[in-house]
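These protein sequences, in sequence, are chains B and E.
For the first sequence, this note's numbering begins at 1 and goes up steadily by one.
For the second sequence, this note's numbering begins at 381 and goes up steadily by one.
Where is the CB? At the ideal position from N, CA and C, for every residue including glycine.
Beneath this line is the structure, given in structure tokens, with notes to follow.
There are 2 protein chains.
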Amino acid sequence: MVYFDNAATSFPKPDGVYDSIMKAMKEYGANPGRSGHKLALRLGREIFETRELLAKLFNIKNPMNLIFTFNCTESLNIGIKGILNTGDHVITTSMEHNSVLRPLKVLEKEGIELTIVKGDYAGRINPKDIEKSIKKNTKLIVTTHISNLTGTIMPIEQIGRIARDNGIYYLVDAAQSAGVYHIDVEKLNIDMLAFPGHKGLLGPQGTGGLYIREGIEVKELNQGGTGSISHLLEQPDILPDRYESGTPNGPGIVGLGAGVKYILQEGLDTIRKYEEELTKHFIEEIVKIENVKVYGPLDIKEQGAVVSINIGDEDSSEISYILDENYDIEVRPGLHCVPMAHKTIETFSQGVVRFSFGPFNTHDEIELGIKAIKEISKEL
Amino acid sequence: MVYFDNAATSFPKPDGVYDSIMKAMKEYGANPGRSGHKLALRLGREIFETRELLAKLFNIKNPMNLIFTFNCTESLNIGIKGILNTGDHVITTSMEHNSVLRPLKVLEKEGIELTIVKGDYAGRINPKDIEKSIKKNTKLIVTTHISNLTGTIMPIEQIGRIARDNGIYYLVDAAQSAGVYHIDVEKLNIDMLAFPGHKGLLGPQGTGGLYIREGIEVKELNQGGTGSISHLLEQPDILPDRYESGTPNGPGIVGLGAGVKYILQEGLDTIRKYEEELTKHFIEEIVKIENVKVYGPLDIKEQGAVVSINIGDEDSSEISYILDENYDIEVRPGLHCVPMAHKTIETFSQGVVRFSFGPFNTHDEIELGIKAIKEISKEL
Numbered sequence: 001m002v003y004f005d006n007a008a009t010s011f012p013k014p015d016g017v018y019d020s021i022m023k024a025m026k027e028y029g030a031n032p033g034r035s036g037h038k039l040a041l042r043l044g045r046e047i048f049e050t051r052e053l054l055a056k057l058f059n060i061k062n063p064m065n066l067i068f069t070f071n072c073t074e075s076l077n078i079g080i081k082g083i084l085n086t087g088d089h090v091i092t093t094s095m096e097h098n099s100v101l102r103p104l105k106v107l108e109k110e111g112i113e114l115t116i117v118k119g120d121y122a123g124r125i126n127p128k129d130i131e132k133s134i135k136k137n138t139k140l141i142v143t144t145h146i147s148n149l150t151g152t153i154m155p156i157e158q159i160g161r162i163a164r165d166n167g168i169y170y171l172v173d174a175a176q177s178a179g180v181y182h183i184d185v186e187k188l189n190i191d192m193l194a195f196p197g198h199k200g201l202l203g204p205q206g207t208g209g210l211y212i213r214e215g216i217e218v219k220e221l222n223q224g225g226t227g228s229i230s231h232l233l234e235q236p237d238i239l240p241d242r243y244e245s246g247t248p249n250g251p252g253i254v255g256l257g258a259g260v261k262y263i264l265q266e267g268l269d270t271i272r273k274y275e276e277e278l279t280k281h282f283i284e285e286i287v288k289i290e291n292v293k294v295y296g297p298l299d300i301k302e303q304g305a306v307v308s309i310n311i312g313d314e315d316s317s318e319i320s321y322i323l324d325e326n327y328d329i330e331v332r333p334g335l336h337c338v339p340m341a342h343k344t345i346e347t348f349s350q351g352v353v354r355f356s357f358g359p360f361n362t363h364d365e366i367e368l369g370i371k372a373i374k375e376i377s378k379e380l
Numbered sequence: 381m382v383y384f385d386n387a388a389t390s391f392p393k394p395d396g397v398y399d400s401i402m403k404a405m406k407e408y409g410a411n412p413g414r415s416g417h418k419l420a421l422r423l424g425r426e427i428f429e430t431r432e433l434l435a436k437l438f439n440i441k442n443p444m445n446l447i448f449t450f451n452c453t454e455s456l457n458i459g460i461k462g463i464l465n466t467g468d469h470v471i472t473t474s475m476e477h478n479s480v481l482r483p484l485k486v487l488e489k490e491g492i493e494l495t496i497v498k499g500d501y502a503g504r505i506n507p508k509d510i511e512k513s514i515k516k517n518t519k520l521i522v523t524t525h526i527s528n529l530t531g532t533i534m535p536i537e538q539i540g541r542i543a544r545d546n547g548i549y550y551l552v553d554a555a556q557s558a559g560v561y562h563i564d565v566e567k568l569n570i571d572m573l574a575f576p577g578h579k580g581l582l583g584p585q586g587t588g589g590l591y592i593r594e595g596i597e598v599k600e601l602n603q604g605g606t607g608s609i610s611h612l613l614e615q616p617d618i619l620p621d622r623y624e625s626g627t628p629n630g631p632g633i634v635g636l637g638a639g640v641k642y643i644l645q646e647g648l649d650t651i652r653k654y655e656e657e658l659t660k661h662f663i664e665e666i667v668k669i670e671n672v673k674v675y676g677p678l679d680i681k682e683q684g685a686v687v688s689i690n691i692g693d694e695d696s697s698e699i700s701y702i703l704d705e706n707y708d709i710e711v712r713p714g715l716h717c718v719p720m721a722h723k724t725i726e727t728f729s730q731g732v733v734r735f736s737f738g739p740f741n742t743h744d745e746i747e748l749g750i751k752a753i754k755e756i757s758k759e760l
């Protein structure tokens, strides 16, 4: 079986991830931060270690400014809804995931002004278009770092500078980049960074996070027990407790820590260069195949390890089904929760067949993928 | 090591829980409902099986009315905020967890009327007090099933009938009862049932759920990708998708399914009777010890497997520390995120030392607990 669906969730995980989760569950599966006994304290310490590892990875000064969530979608909902109030203006792009656009569409109905900057045929966003969209009441800019449809790497450094220069908050959706691309929240002027734990960071599902820059007032969406300031009926305003109500995914966070450790040990650059190598070769070979359309910038400097294609006018689900059934190759067809991005690159009716690579894919697997596309394109 | 902190999270889990999580992660750790390939489909099927198992356990007619969440706190936030609008009145009790009271306190500031019915010295709630609190604009009653402080079993059947007779929705917090006590949402007139996956249901952390009766309009709190109706920028209104944005905790839900399977195989009655036996004996012995105060109804017909005590006027944290350090017994001291319940039973300043039992505790462990309390009470 060849797994090319790493943009949905990375698979497999490093052995240390599996092992650490089992160890946490079997040896100290208590409720962290709720009791004072040694099991609870041990899990609490391990969770703090994951916080520190992630803070190191993203150059976050204070690990307490990093909150754990259920998934990147929750992180984005907090980052968006926690900061916008009626009358505010927000700028985003047509390349965003429904986890950004759907919350914004709800807010638009409640009186928040929304500008959606359009990408070009390859999913590129021009920072000048964002700059031109700024109004007096612009409070937030939200963009993805890497498109989950076209792999397009967005100019987040330029956008971050524009945001900073204009006193606007910048929220980055790192769903496709965290764990593979350098993200320095200081250098890039990122005010909030939303990320999943189970993609590039190689952790398990049920984990995600949000960095919130010190001093930014972001409302929490849920209230509940925090194991802190329990004598009050008001939600505590300290971080990370304010945003982490209820029992966290303790063993999951430990596993996420093991994923980040693996990345730090292997080296982010090593992992990224390897994925670039695989992606570059894949692109170079499939653009040559007759009857195959390949989307995105098609230049590894501008594109992550996500390559979307179509073969002729064939429905993307049909191609994905053949890949799964006849070649044991797992890809994802359809709209990938980015309807507006599909309209941007004009694939809304056909969908695309998405190949997304991870650190455990091999050169041989890439060859199998290329061979399969060649054969299918001939047969159709 | 003796683990008496099952009300915070159950530990250990049945072997099938560990095994099924590892199997899901290692063999089919894809993104369920996102792609059409065999790994994703397999995980999707397993998640549906867990939904069916839980539906069976709670007598829910349609498994699609059961949504998976991050934890019971998220479930309660959805159940409370999704249904109440400005001008509505809500009734709850002084025995509730902060996961109920903190969201309600936020809503109160936003124009929702709140009545908190007070419990008696043993944490009992009189259904008549709830009935008397009903107003014309009462839309929701929220109560816990079993108090996490005193173990008091609430009269949810009577409250459910009152709610039904008055056309009011009833939300039950089953944090301490799901997986141990019979909960039949039809018979008990429960409109919404919130539960954690990692306590009595013996699943892993990072899982929880909410049952929403067919036809009740409950707003979703997060929007995002649902893997369904992806061409729209509006959140789909079908269940469970509407409330399950972003990647779910796939392997976690599989593990939860294994927990429920274990319960169904062993029998809910068998597990409950065993816990009742342990709890009954524990209560009988510790009430005899001089200088020990024991809270709650102290009658197994009215009390779950939670027993809170204090020794003299000693701080509860100090006692818990001694139990951990000198006896290797893990309990939880303090306020347990229920400040108002502590005021109700008059333990707000001292806190309590909480013993909470699970299906894997043994009679011998109970004896060790009793012996330890005897010794500590003598020494102090």
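Inter-segment contact for the region 98-112 of chain B and the region 604-618 of chain E is present: three or more beta-carbon pairs are separated by less than 8 Å. Under the Cβ distance rule, B/Ile21 counts among the residues neighbouring chain E, one pair being separated by less than 9 Å.
Residues of chain B whose Cβ lies closer than 8 Å to the Cβ of E/Tyr398 are, in chain order, Met22, Met25 and Lys26.
Exclusion of the five residues before and after B/Asp191 leaves Tyr169, Tyr170, Leu171, Arg213 and Ile216 as the residues of its chain whose Cβ lies within less than 7 Å of its Cβ. Contact annotation for B/Glu74 against chain E: Asn602 and Gly626 [CB-CB distance below 7 Å, chain order]. Along the region 191-215 of chain B, going in chain order, the ones with a CB nearer than 9 Å to a CB of chain E are Pro196, His198, Lys199, Pro204, Gln205, Gly206, Thr207 and Gly208. For B/Thr50, no chain E residue has a Cβ inside 7 Å of its Cβ, as the nearest lies near 14 Å away.
Look at the region 279-303 of chain B: it has no residue with a C-beta under 7 Å from a C-beta of chain E. The C-beta separation of E/Ile521 from E/Ala543 comes to about 5 Å, placing the pair in contact by the 8 Å criterion. Proximity of the region 241-255 of chain B to the region 498-512 of chain E falls short of the contact definition, fewer than three beta-carbon pairs being nearer than 8 Å.
Residue contact with chain E for B/Val331: present (Cβ-Cβ distance below 9 Å to some residue of chain E).
A Cβ-Cβ distance of about 5 Å is found for the pair E/Ser700 and E/Val733, placing them in contact under the 8 Å criterion. In this structure, DSSP gives E/Asp708 a state outside helix and strand, which the three-state scheme calls coil. Interface residue (Cβ-Cβ distance to chain E less than 9 Å): B/Pro103 is classified as such. Taking 9 Å as the CB threshold, E/Gln615 lines the interface with chain B. For B/Asp241, no Cβ of chain E is located within less than 9 Å of the residue's own Cβ. Listed in chain order, the non-local C-beta contacts of B/Ala30 below 6 Å within the same chain comprise Leu39, Ala40 and Leu43, local neighbours out to five positions each way being set aside. Within the region 47-135 of chain B, complete beta strand (DSSP E) segments of at least 3 residues are found at 66-69, 89-93 and 113-117, given in chain order. Distance from the CA atom of B/Phe58 to the CA atom of B/Glu277, rounded to whole angstroms, is 24 Å.
Taken atom to atom, the span from the alpha-carbon of B/Ile370 to that of B/Lys199 is near 24 Å. Each residue's CA atom was taken as its position, placing E/Thr659 and E/Val687 some 8 Å apart. Scanning the region 686-751 of chain E from its first residue to its last, the whole beta strand (DSSP E) runs of 3-plus residues come out as 686-691 and 733-736. Here E/Gln730 is not near E/Asp704, since their CB atoms are 9 Å or more apart.
At a Cβ-Cβ threshold of 9 Å, B/His182 and B/Asn137 do not count as neighbours.
Put simply, of E/Lys754, E/Thr389 and E/Asp649 the residue whose alpha carbon is nearest the alpha carbon of E/Ile663 is E/Lys754. In this structure, B/Thr73 sits away from B/Gly119, with a CB-CB distance that is not shorter than 9 Å. One finds Gln223 and Gln235 in chain B with Cβ atoms closer than 8 Å to the Cβ of E/Val486, taken in chain order.
Look at B/Asp315: its C-beta is not under 9 Å from any C-beta on chain E.
Contact of E/Asp468 with chain B is not assigned, every C-beta pair being separated by 9 Å or more. B/Ile141 carries a strand assignment under DSSP once its states are collapsed to helix, strand and coil.
For B/Gly334 against B/Ser316, the beta-carbon gap comes to about 6 Å, under 8 Å, which counts as contact. Distances from the CA of B/Ile311 to each of B/Thr150, B/Val294, B/Leu188 and B/Glu49 were compared; the closest alpha carbon is that of B/Val294. Apart from sequence neighbours up to five positions away, the residues of its chain that approach E/Glu511 with a beta-carbon distance below 7 Å are Ile542, ordered along the chain. Less than 9 Å separates the beta-carbon of E/Phe450 from that of B/Gly246. Residue burial annotation: B/Ile78 is buried, with at least 16 other C-beta atoms found within 10 angstroms of its C-beta.
The residues Leu114, in chain order, have a CB closer than 6 Å to that of B/Glu108 in the same chain once the five nearest residues on each side in sequence are set aside.
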